[in-house]
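One structure is given here, and the rest of the page talks about it.
Number of protein chains: 2
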Amino acid sequence: MKKVTIHDVAKQAGVSPATVSRVLNGTAKVKPDKAEQVQKVIAELGYRPNALAHSLAQGKGSGTVGVIVRHLYGEFFSLVLSAFENELRAKGLHMICSSSNGSAQEERQSLKIMTQRGVEALFLMAPCLPDAELLELIGTTPTVLMNRYIPELARSCVTIDNRLGGYLATKHLLDLGHERIACITAYLTRQFARQRLEGYLEALREKGIARDDLLIIEADDLYSESGTQATERLLKLGSFSALFATNDLMAAGALKALQAHAYSVPEDVSIIGFDDLSLCQLTTPTLSTMHYPTEEMGKCAAQHLLQQMEGKAPDTLSPFKSYLKIRESSAAPKGQTSPVKPLVES
Amino acid sequence: MKKVTIHDVAKQAGVSPATVSRVLNGTAKVKPDKAEQVQKVIAELGYRPNALAHSLAQGKGSGTVGVIVRHLYGEFFSLVLSAFENELRAKGLHMICSSSNGSAQEERQSLKIMTQRGVEALFLMAPCLPDAELLELIGTTPTVLMNRYIPELARSCVTIDNRLGGYLATKHLLDLGHERIACITAYLTRQFARQRLEGYLEALREKGIARDDLLIIEADDLYSESGTQATERLLKLGSFSALFATNDLMAAGALKALQAHAYSVPEDVSIIGFDDLSLCQLTTPTLSTMHYPTEEMGKCAAQHLLQQMEGKAPDTLSPFKSYLKIRESSAAPKGQTSPVKPLVES
DNA sequence: TTGTAGGCGTTATCAA
DNA sequence: TTGATAACGCCTACAA
Chain A
5 MKKVTIHDVA KQAGVSPATV SRVLNGTAKV KPDKAEQVQK VIAELGYRPN ALAHSLAQGK
65 GSGTVGVIVR HLYGEFFSLV LSAFENELRA KGLHMICSSS NGSAQEERQS LKIMTQRGVE
125 ALFLMAPCLP DAELLELIGT TPTVLMNRYI PELARSCVTI DNRLGGYLAT KHLLDLGHER
185 IACITAYLTR QFARQRLEGY LEALREKGIA RDDLLIIEAD DLYSESGTQA TERLLKLGSF
245 SALFATNDLM AAGALKALQA HAYSVPEDVS IIGFDDLSLC QLTTPTLSTM HYPTEEMGKC
305 AAQHLLQQME GKAPDTLSPF KSYLKIRESS AAPKGQTSPV KPLVES
Chain B
5 MKKVTIHDVA KQAGVSPATV SRVLNGTAKV KPDKAEQVQK VIAELGYRPN ALAHSLAQGK
65 GSGTVGVIVR HLYGEFFSLV LSAFENELRA KGLHMICSSS NGSAQEERQS LKIMTQRGVE
125 ALFLMAPCLP DAELLELIGT TPTVLMNRYI PELARSCVTI DNRLGGYLAT KHLLDLGHER
185 IACITAYLTR QFARQRLEGY LEALREKGIA RDDLLIIEAD DLYSESGTQA TERLLKLGSF
245 SALFATNDLM AAGALKALQA HAYSVPEDVS IIGFDDLSLC QLTTPTLSTM HYPTEEMGKC
305 AAQHLLQQME GKAPDTLSPF KSYLKIRESS AAPKGQTSPV KPLVES
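These protein sequence lines are chains A and B, in that order.
The first sequence maps to residues 5 to 350 in the numbering used here.
The second sequence maps to residues 5 to 350 in the numbering used here.
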């Protein structure tokens, strides 16, 4: 039971391979009766065209785009990916994807294989390879970068203004009247965390509030447990009436820690997160946060990629902006001053 | 600036294409100096082997496996996919994936393209195509089905015992002393929902408690909002001291609804969900649920697929079992003296 | 409208 | 060890 090829079909149908190809792709006109006969034989033999050979012969793309993400899990990546894939699929393109787990080696490997396999384009989410190597590996393949800026690819970086987000989040708390605002940040090796922290600092500076390193704490990773732990530490170190966590998971973890210590949110402490994960609507209280336009960004990436593939001059991309999503976890401080045990101030 | 092929390298290096191929794949021994020369030219010309042509010539697989999921988003799918991909990547295989959005047409389309593109295997999560068509489309490609049972593919179905899960969840509530236990189920067109409901009913039956249709409510979908809405309806219809939601999102939604009506959980109403999403640990109170072994299942699927690809007789798969994860949302009903009262033993 | 021939980039076969 | 040469399965001239 060998594979049936276009030749088998041709022979069986009493025509030439070329003719079969024509009825297959509608490349040229074929006499109806011949065409019908061919179709019939195709069905009989259960013939399936070999897409590989097809691409090879045509020299064109393989109908696939390569996607490399840090992780396949996590609401953020999933949503972006989902939006991205929906756009792609509508154009008949498929996604060949792999995760790097933050390993440059994995990334390199995947990138190599994908380009060799003839992906028509590349979508890289927060790649960790150094600029130069990345550019080399990419070669001339149309590429969109997400959450990573490389000057040479300036036109193709889909980013979000994390600094602005951090600024707006902090400003929200300031506007509510908070003055001692803590910040729990994901580990600062991650660019987004640094940027959000910067925004936080800027907002404070603008308000004339001095940076207090006792109120800034760098967590071990970016999940809820670290948020909890960081908050525990925070509670021992300083006093604060509000808390900015650089992502929602940590914010939710912080909420847990505060509740465990019998603080109520937002009465005793206000919290704001970042990302607007669906989880924000399910905690008690619901979490104020910075909305992250995941779907839009995934869609944008896809469209930009399609433009590049079609040879059009792609739009110039400007950073997306996140905006405030105020829910229950943020409110004005209870009294005039911070209600949380004022170690330093008292 | 055309593509540089193996011929270009050969010419430039003063050897034959075959030799270049040899140094490339280590297929046979090549004199060190020749080999070195070839390597040098490869670097100079920036030659990249064409994986398509490679597969074509070798007649072997393309190094890819096709994956079709209902959705790319959602913690459940992401985690399974992530675990699956990690196993695969370790073997140098890549994933070409697409989502069907529950559309048979999309599924058909993707399946066709993937097999044509020469995927070596298929991983289908809860496909919606009818058995017969699915089998036909799959052909002889090694396949693993997740959360779908097809007799012909009995050995390759990775499933979970949803019925058992529903039973255990309900039994947990019964054991706590609850008698009026409501059930919010995802729409019953989804098999998993029907099965979990069955488990619920069985537990009640076993306890001699009659089915009360006022306490069973079918939500519009399976997200938290429907859980909230369903609970709202429930509160108007019947009285209950415990609630089994057939998934965590709905459970979390139910929790919100109850809290909005000033019921406290678990004092007034106990809640148990299903899936053990990370969200369960972040709600207040934390959610009791049935643990769903997502990673294990994803990993299992990958391993089974690898076995098939290697021609080994794959292990026979038995359904995974979910187990109870008791957290804060379930407790004995108010006024109950002894929390757990096993009828038989007392 | 149809068939023939040559090529896509690589590997396998078989002499040399 | 090497190098021709024939596949691999399909497509696109070009010719008929």
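Built from N, CA and C at the ideal position, the CB exists for glycine as well.
Here the structure is a predicted model, which is why all the values come from computation and not from measurement.
The secondary-structure analysis by DSSP pairs B:S103 across a beta bridge with B:V73. Taking 3 residues as the minimum length, the beta strand (DSSP E) runs contained wholly in the region 203-234 of chain A are 220-222, in order along the chain. Between the alpha carbons of B:Y51 and B:I10 lies a gap of roughly 8 angstroms. For the C-beta of A:K260, the chain B residues within less than 9 angstroms are, from N- to C-terminus, Q285, L286, T288, T290. Sorting B:K338, B:G18, B:S334 by C-alpha distance to the C-alpha of B:L177 places B:S334 at the top. For A:A255, the enclosing alpha helix (DSSP H) begins and ends at 252-264. Not one beta carbon of chain A lies nearer than 8 angstroms to the beta carbon of B:H11. DSSP places A:K303 inside the alpha helix (DSSP H), whose first and last residues are 298-313. Within the region 142-180 of chain B, the runs of alpha helix (DSSP H) at least 4 residues long that lie entirely inside it are, in chain order, 166-180. In the DSSP assignment, B:K329 falls within the unbroken beta strand (DSSP E) covering 327-329.
B:E124 is the residue among B:L83, B:A61, B:E124, B:A94 whose C-alpha sits nearest the C-alpha of B:T68. Counting along the chain, no alpha helix (DSSP H) covers A:L247; the unbroken beta strand (DSSP E) around it starts and ends at 246-249.
In this structure B:L219 is in contact with B:G242, their Cβ atoms being roughly 5 angstroms apart against a cut-off of 8 angstroms.
When Cβ pairs closer than 8 angstroms are counted between the two stretches, the region 271-289 of chain A is seen to touch the region 251-259 of chain A, the count reaching three or more.
In this structure the region 86-102 of chain A lies against the region 70-78 of chain B, because at least three pairs of beta carbons, one per stretch, are closer than 8 angstroms. With a cutoff of 8 angstroms on beta-carbon distance, A:S82 and B:L286 are scored as not near each other.
For the region 101-123 of chain A, the residues whose beta carbon sits under 9 angstroms from a beta carbon of chain B are, in order, C101, S102, S103, N105, E110, Q113, S114, K116, I117, M118, T119, Q120, R121, G122. For A:P53, the closest Cβ of chain B is nearer than 8 angstroms. The C-beta of A:E210 comes no closer than 8 angstroms to any C-beta of chain B. Assignment of A:T320 by DSSP, reduced to helix, strand and coil, places it in the coil class.
For B:H295, the uninterrupted beta strand (DSSP E) segment begins and ends at 293-295.
With respect to chain B, the C-beta atom of A:H75 has a partner C-beta closer than 8 angstroms.
Annotation: the continuous alpha helix (DSSP H) that includes B:S114 extends over 108-120. Around the beta carbon of B:P36, fewer than 16 other beta carbons lie within 10 angstroms, which makes this residue exposed.
Close partners of B:T250 in chain A (Cβ separation under 9 angstroms) are lacking, with about 17 angstroms as the shortest Cβ gap.
Per DSSP, the continuous beta strand (DSSP E) segment holding A:A125 begins and ends at 125-129. Apart from the 5 residues on each side of it in sequence, B:L133 sits with its Cβ closer than 6 angstroms to the Cβ of A108, E111 in its chain, given in chain order.
The criterion of a C-beta distance shorter than 8 angstroms is satisfied by A:G122 and B:N54. In this structure, B:V27 lies away from B:Q16, with their beta-carbon atoms at least 8 angstroms apart. Distance check between A:L172 and each of A:Q199, A:V148, A:L157 places A:Q199 closest, using alpha-carbon atoms only.
Fewer than three Cβ pairs drawn from the region 309-323 of chain B and the region 289-300 of chain B lie within less than 8 angstroms of each other, which leaves the two stretches out of contact. A straight-line Cα-Cα distance of about 14 angstroms links B:P146 and B:V162. Using a Cβ-Cβ cut-off of 7 angstroms, A:H265 is close to nothing in chain B; its nearest Cβ partner there is about 14 angstroms away. Think of a sphere of 7 angstroms around the beta carbon of B:E89: the chain A residues whose beta carbon falls inside it are L76, S102, S103, in chain order. Secondary-structure assignment with DSSP links B:H98 through a beta bridge to B:T68. Nearest CB-CB separation between A:T68 and chain B: below the 8 angstroms threshold.
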